[in-house]
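Read through the structure below, which is laid out as structure tokens, and then see the notes.
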Amino acid sequence: MMARAFPWVLHVDLDQFIAAVEVLRHPELAGREVVVGGRGDPTERAVVSTASYPARERGVRSGMPLRIAARKAPDAVFLPVDGPHYLEVSAEVFDAVRSLGVVVEVLGWDEGFVGGDTDDPEALARAVQAAVLERTRLHCSVGVGDNRVRAKIATDFGKPQGVYRLTAENWSEVMGHLATVELWGVGSRVSARLAALGIHTVTQLAAADEAVLVGEFGPRMGAWYGSLGRGEGSAEVDDTPWVARGHSRETTYQTNLATPDEVREAVRVLTDQVLEDVRREDRPVVRIGLKIRYAPFFTVNRSRKLPTVTAEAGPVHEVVQALLADHLEEGREVRLLGVRAEMTMPDEGDDVSRTPVRGRV
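Read in order, the letters of the sequence shown correspond to residues 6 to 366 in the working numbering.
Structure below.
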């Protein structure tokens, strides 16, 4: 099915998804502080993937180092990440939603959009919640909006296990007084740049001079931030199966890599792992990215387009190692490395897109 606009867009967000899935597997953990991340060992270098609501009340947040999480919630149960299981449960969730005969656009393990062609979107939202709960025993919150932006933001007002409507009619009342960082797509850095322009609230962003925004963020993003302040956006939902733009692998090392040779070898291993993922996609690589995090916590991200679109492993290794040579700071220890390969999309490729990755993988 092609993307189509709907009178109502619903944003479905599973409540504390990963933690909730783990509690289903370990019922004795219900109501406990549960933190999922890395290999489940808070003494190792890894970050929190998710935390149960009791753990969040202790200040534990996604992306936080496990060691800090353990200090904030010393009585928490730490569990390892089990991606394949979460993917399996996620598929069950959205199959349950599709059983209602609606169009579903999956955004990730724990969230998606639903197209609502109905006069009673709240009734549809409750039907979604009931279907998910019956099939998987998981709870979800649903944001109801007249477009994707408002539906996505509405979900946070409905958490946990609730339904909330946000439309053009109540946008200013609900959102106007809030800081711009509360908008979907505005992070702390962008909100700081807006604040430097004298734009602190959603209402101020909605009324901002577009020329000022364009001058700060460029013609595309400047105009987009202005429309975001007004809650404007598409009402389309597209159930076309998701296709990965790229694959990445990264590793946080329990002991810092101290020599250039160690770093080069670690990058080679990560590149081999990424190429193995790419080979399963049967699409060639167009761009390669490298992430280096130095001790104690300074991160560099760089990428480079390949000279030619290729399905060969050798040229990919050459570009990654060239990136490393250009940006590795000798004398600084490395605590994390990541490699990402971006591929051609199915509608972008030619014959090479059907040639498998060859060589060392």
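Even glycine gets a Cβ: it sits at the ideal position worked out from N, Cα and C.
Values in this document were obtained by computation on a predicted structure and should not be read as measured data.
Residue from the options whose Cα sits closest to the Cα of residue i
| i | options | result |
| --- | --- | --- |
| residue 205 | 104, 219, 26 and 184 | 184 |
| residue 263 | 342, 126, 291 and 324 | 342 |
| residue 290 | 347, 272 and 255 | 347 |
| residue 258 | 112, 299, 63 and 29 | 299 |
| residue 286 | 273, 270, 316 and 293 | 316 |
| residue 44 | 58, 61, 25 and 72 | 72 |
| residue 332 | 226, 297 and 271 | 297 |
| residue 274 | 321, 142 and 240 | 321 |
| residue 107 | 90, 130, 94 and 88 | 130 |
| residue 213 | 234, 224 and 12 | 234 |
| residue 276 | 319, 8, 21 and 305 | 319 |
| residue 22 | 78, 70 and 90 | 90 |
Proximity of residue i and residue j at Cβ, strictly below 8 Å
| i | j | result |
| --- | --- | --- |
| residue 177 | residue 208 | yes |
| residue 136 | residue 150 | no |
| residue 109 | residue 244 | yes |
| residue 14 | residue 242 | yes |
| residue 339 | residue 268 | yes |
| residue 228 | residue 219 | yes |
| residue 25 | residue 41 | no |
| residue 122 | residue 12 | yes |
| residue 350 | residue 225 | no |
7 Å CB neighbourhood of residue i in its chain, flanking five on each side removed
| i | result |
| --- | --- |
| residue 17 | 102, 116, 117, 119, 133, 145 and 147 |
| residue 357 | Summary for residue 357: the model assigns pLDDT 41, below 50, so the residue's position carries little reliability; its value from the coordinates is reported in the next sentence. Only 289, 314 and 316 meet the Cβ criterion. |
| residue 94 | 26 and 141 |
| residue 190 | 233 |
| residue 222 | 230 |
Residue i beta carbon near the ligand NAP (any heavy atom closer than 7 Å)
| i | result |
| --- | --- |
| residue 271 | Because no ligand of any kind appears in the structure shown, any question about the ligand NAP cannot be addressed here. |
C-alpha gap between residue i and residue j, whole angstroms
| i | j | result |
| --- | --- | --- |
| residue 47 | residue 193 | 27 Å |
| residue 63 | residue 56 | 10 Å |
| residue 19 | residue 266 | 44 Å |
| residue 92 | residue 163 | 24 Å |
| residue 292 | residue 314 | 8 Å |
| residue 60 | residue 283 | 37 Å |
| residue 98 | residue 140 | 7 Å |
| residue 165 | residue 311 | 45 Å |
| residue 365 | residue 325 | Low confidence applies to residue 365: its pLDDT is 35, below 50, so where it sits in the model is not reliable, and the reading given next is rough at best. Each residue's alpha carbon lies about 14 Å from the other. |
| residue 254 | residue 280 | 10 Å |
| residue 4 | residue 96 | This structure cannot settle anything about residue 4, because the visible part of the chain is limited to 6 through 366. |
| residue 138 | residue 66 | 25 Å |
| residue 10 | residue 87 | 36 Å |
| residue 217 | residue 336 | 43 Å |
| residue 68 | residue 8 | 33 Å |
| residue 302 | residue 256 | 14 Å |
| residue 334 | residue 75 | 32 Å |
Cutoff 6 Å; reference residue i; Cβ partners in own chain excluding five residues on either side
| i | result |
| --- | --- |
| residue 328 | 295, 307 and 309 |
| residue 167 | 146 |
Beta-carbon proximity list for residue i, same chain, < 8 Å, skipping 5 on both sides
| i | result |
| --- | --- |
| residue 127 | 149, 168 and 170 |
| residue 252 | 279, 282, 283, 286, 345, 346 and 348 |
| residue 238 | 152, 153, 154, 155 and 232 |
| residue 361 | Because residue 361 carries a pLDDT of 38, less than 50, the predicted location of this residue cannot be relied on, and no value is offered for it. |
*Contact between the segment 50 to 66 and the segment 185 to 200: three or more CB pairs below 8 Å?*
no
*Any contact of the segment 193 to 202 with the segment 159 to 179, i.e. 3+ C-beta pairs under 8 Å?*
no
*Should the segment 31 to 41 be called in touch with the segment 79 to 91, which here means at least 3 C-beta pairs below 8 Å?*
Yes: at least three Cβ pairs fall under 8 Å.
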